[in-house]
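Participant: The opening position of the sequence shown corresponds to residue 999 in the working numbering, with each subsequent residue numbered one higher.
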Amino acid sequence: MTLYSRITGTGSYLPPRRVSNDELAQELAGRGVETSNEWIVERTGIHARHFAAEGVTSSDLALEACRHALEAAGRSAAEVDLIIVATSTPDMVFPSSAAILQHKLGIAGCPAFDVQAVCSGFVYALTVADAMVRTGSAKCALVVGAEVFSRILDFNDRTTCVLFGDGAGAVVLEASDTPGILASDLHADGAHVGILCVPGHVSGGEVLGTPLLHMDGQAVFKLAVRVLEEAARATLAKAGKTEADIDWLIPHQANIRIMQGTAKKLKLAPEKLVVTVHEHGNTSAASIPLALDAAVRGGQVRTGDTVMLEGVGGGFTWGAVLLNL
Ligand SMILES: CC(C)(COP(=O)(O)OP(=O)(O)OC[C@H]1O[C@@H](n2cnc3c(N)ncnc32)[C@H](O)[C@@H]1OP(=O)(O)O)[C@@H](O)C(=O)NCCC(=O)NCCS
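(1) Let me know the secondary structure DSSP gives F1162 once reduced to three states.
(2) Counting along the chain, where does the alpha helix (DSSP H) carrying G1215 start and finish?
(3) Given a cut-off of 9 Å on the beta-carbon distance, is the pair V1141 and L1171 in contact?
(4) May I have the straight-line CA-CA distance separating K1137 from D1058, to the nearest angstrom?
(5) Just the C-alpha distance for G1043 and S1148, rounded to the nearest angstrom, thanks.
(6) What residue range does the alpha helix (DSSP H) around N1322 cover?
(7) Can you tell me whether L1206 is buried or exposed? The criterion is at least 16 other CB atoms within 10 Å of its CB, across all chains shown.
(8) Near K1263, what residues of its chain come up, given a Cβ to Cβ distance below 7 Å and the 5 sequence neighbours on each side ignored?
(9) In the DSSP assignment, the alpha helix (DSSP H) including H1066 goes from what residue to what residue?
(10) Is DSSP giving L1022 helix, strand or coil here?
(11) State the start and end residues of the unbroken alpha helix (DSSP H) segment that holds H1045.
(12) Taking the alpha helix (DSSP H) that E1277 belongs to, which residues open and close that run?
(13) Just to confirm, is the Cβ distance from I1286 to I1179 under 9 Å?
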């Protein structure tokens, strides 16, 4: 009997257009918005982000990430029997980006749905997929984080538009006799909806309210540092492990100061922190699988390593997944 789910392949994709802080600052200056490479690097650790070309959607980015993940797992799309896409920037109001992605992969029939937990979306999606694999509903799942956050940025608001980027990451999660995913811990508290949101909604053929990202950066910062430590500790306790068992910490890539603060609270050596925020910016639900894939392909994270994934974001939502790769 299969008791576990395990990641058998990772993949990611960044749209080709890389925008450095200096290039962004120059573009923003044209709108009368003042920022600098120095400010962005010092406060966030971000040096560049990628922006998708006009017309490119989350499912387009997801498709490329899935192709790479399937290739790494040695699987074909025809073997996939579950697709979960974590995104806050779906192609359409409906159907789901997962259904659109399924068609682009050239397959049909298996369940496909989106998970909306903003920057915690990937750990939510991975936890749902793990449960479905362990109960026998799926044997070979694609779990994806894909975002075109550039579409919901207010480029007149320097406190937010310098932080985010576009991209996608994916894993193939398969039924296994040996443990891959060890434990997870998910949470939400809707009382904090106002500190990070895109309040616009569609009504009667119009968008009511602003369809652009709004954030209270300092409130988010404080909450994030607290809940990321709590989620990591709760997940370790569920798995019967301690901080010393963690080989790699892959937190949501939002801000280097939040990430380093979390690693410090968990008493992890700085070398155990996987960092891609400098090159990717904050890609929301895509950030964790993008960072995981970069670390795997870069030879940092290897088969057998114990990895802590951690997400935090709008909702407020947060959570962690501990796994053996
Ligand atoms: C957004 C964030 C980087 C701002 O950093 P901060 O140290 O809190 O900075 P503040 O908001 O206090 O702003 C400090 C000053 O910099 C200015 N500033 C803000 N954005 C700027 C920018 N892009 N360029 C230059 N100056 C900027 C502010 O206007 C403010 O100026 P003032 O002192 O004259 O009023 C930080 O709060 C943060 O990272 N928060 C968490 C965000 C996050 O991770 N969100 C995603 C979670 S999923």
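All C-beta atoms in this analysis are idealised placements derived from N, C-alpha and C, irrespective of residue type, glycine included.
Facilitator: With the structure as the only source:
(1) Note: F1162 maps to strand in three-state DSSP.
(2) G1215 to A1237 is the extent of the alpha helix (DSSP H) around G1215.
(3) Cβ distance < 9 Å, so V1141 and L1171 count as in contact.
(4) Each residue's Cα considered, the two are about 24 Å apart.
(5) For G1043 and S1148, the distance between alpha carbons rounds to 19 Å.
(6) In this chain, N1322 is not harboured by any alpha helix (DSSP H); it is covered by the beta strand (DSSP E) spanning T1315 to N1322.
(7) With a threshold of 16 other beta carbon atoms within 10 Å, L1206 falls short and is exposed.
(8) Within the same chain, and ignoring the five residues on either side of K1263 in sequence, the residues whose Cβ sits closer than 7 Å to its Cβ are E1227.
(9) Element bounds for H1066: S1056 to A1071.
(10) Here L1022 sits in helix by DSSP.
(11) Where H1045 is concerned, there is no enclosing alpha helix (DSSP H), given that its DSSP letter is neither H nor E.
(12) It spans V1275 to H1278 - the alpha helix (DSSP H) in which E1277 sits, taken as one unbroken run.
(13) It is not a contact, given that the beta carbons lie outside the stated cut-off.
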